[in-house]
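In this note's numbering, the protein residues as written are -5 to 246.
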């Protein structure tokens, strides 16, 4: 099964993000991928202020025209499409992931459990985290889903490991200081912490992050995509680049 992990640029305007996602979906289809995944909060971003009336403007419901347009792309190209977004459900804001299969059916719908996406001052009941691990039997196999900091929560990992998925999807919106030698610093000082957690999962893992291409701040969403198997990096995309990382996920 061929999967494309999209290192996606941070786009504040949802209509621009949707248009860009459509282009990447078309590219993945042209490369004969079975499944494409986008990072955490590809739609809406993660600029949470704690002001509900403001934050809710960057949220989408499952029945919104934007989400439905991605569902239609899945049907049109017969390709699975998974993406992170800020979701409004029953008045609450969630950090969510949804995967439409090639028939446009909801294969996975997961609310992030870990709280790292929420500023510490957010105490309102209008913001919520999930309580059900991201596991689903799909036409692509049994999938385990992690959103960013879920990876470092032992209880979440243990639940996923016990469910014995065939593979994992880990989507992130992860920032990193992009100074001199930032790629080397990431590879040698930061990513080993991720590899240590991936080793516990014991199954292939596809990872993708969002990227701020033109930010002037050193600390920025740094991008990157990785395919991990047998606790080895089989393939990767360097930091601060956009595009697709294409792999045969379950090949030997």
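The C-beta atom is built at its ideal place from N, Cα and C for all residues, glycine as well. Since this is a predicted model, take the numbers as computed values, not measurements.
query: Quick test of the definition: if touching needs 3 or more C-beta pairs under 8 Å, does the stretch 115 to 124 touch the stretch 80 to 96?; result: yes
query: Relative to the alpha-carbon of residue 15, which residue among 241, 243 and 236 has its alpha-carbon at the smallest distance?; result: 236
query: Mapping the DSSP letters down to three states, classify residue 136 as helix, strand or coil.; result: strand
query: Could you tell me the boundaries of the beta strand (DSSP E) in which residue 35 lies?; result: Run containing residue 35: none; DSSP gives neither H nor E here.
query: To test your reading of the DSSP string, which unbroken alpha helix (DSSP H) runs of 4 or more residues are found completely within the stretch 166 to 232?; result: 176 to 179 and 185 to 195
query: If you run the structure through DSSP and keep just helix, strand and coil, what is residue 39?; result: coil
query: Between which residues of its own chain and residue 73 is the CB-CB distance below 8 Å, once the five residues before and five after are set aside?; result: 19, 22, 23, 27, 28, 29, 30, 67 and 96
query: Thinking C-beta only, is residue 108 closer than 8 Å to residue 143?; result: yes
query: Per DSSP, what kind of secondary structure is residue 154 in: helix, strand or coil?; result: helix
query: Classify residue 72 as helix, strand or coil using the three-state DSSP reduction.; result: coil
query: Compare the C-alpha of residue 166 against each of 11, 91, 223 and 131 and name the closest.; result: 91
query: Using a 10 Å radius around the Cβ and a threshold of 16 neighbouring Cβ atoms, would you call residue 223 buried or exposed?; result: buried
query: In the DSSP output, what is residue 131 paired with across the bridge?; result: 136
query: Could you give the C-beta distance for residue 25 and residue 240, rounded to a whole number, given that I count them as a contact under 8 Å?; result: 6 Å
query: Would residue 79 and residue 35 qualify as a contact pair, given that the criterion is a beta-carbon distance under 8 Å?; result: yes
query: Would the beta-carbon of residue 174 fall within 8 Å of that of residue 135?; result: no
query: From residue 39 to residue 200, what distance separates their C-alpha atoms?; result: 21 Å
query: Is residue 148 near the ligand SAH - that is, is its Cβ less than 7 Å away from at least one heavy atom of it?; result: Of the ligands one can find in the structure shown there are none, so the ligand SAH has no counterpart to examine.
query: Looking at the unbroken alpha helix (DSSP H) that takes in residue 9, where does it start and where does it end?; result: 8 to 24
query: Are the CB atoms of residue 170 and residue 191 nearer to each other than 8 Å?; result: no
query: If I follow the unbroken beta strand (DSSP E) through residue 89, where does it start and stop?; result: 86 to 94
query: Which residue marks the beginning of the beta strand (DSSP E) containing residue 104, and which one marks its end?; result: 100 to 105
query: Once the 5 residues before and after residue 64 are set aside, which same chain residues still bring their CB inside 6 Å of it?; result: 75
query: Would DSSP call residue 27 helix, strand or coil?; result: coil
query: Tell me whether residue 246 sits in a helix, a strand or coil according to DSSP, three-state version.; result: Bear in mind that a pLDDT of 45 at residue 246, under 50, signals an unreliable position, so the model cannot answer this.
query: Which stretch, first to last residue, makes up the beta strand (DSSP E) that contains residue 3?; result: -4 to 3
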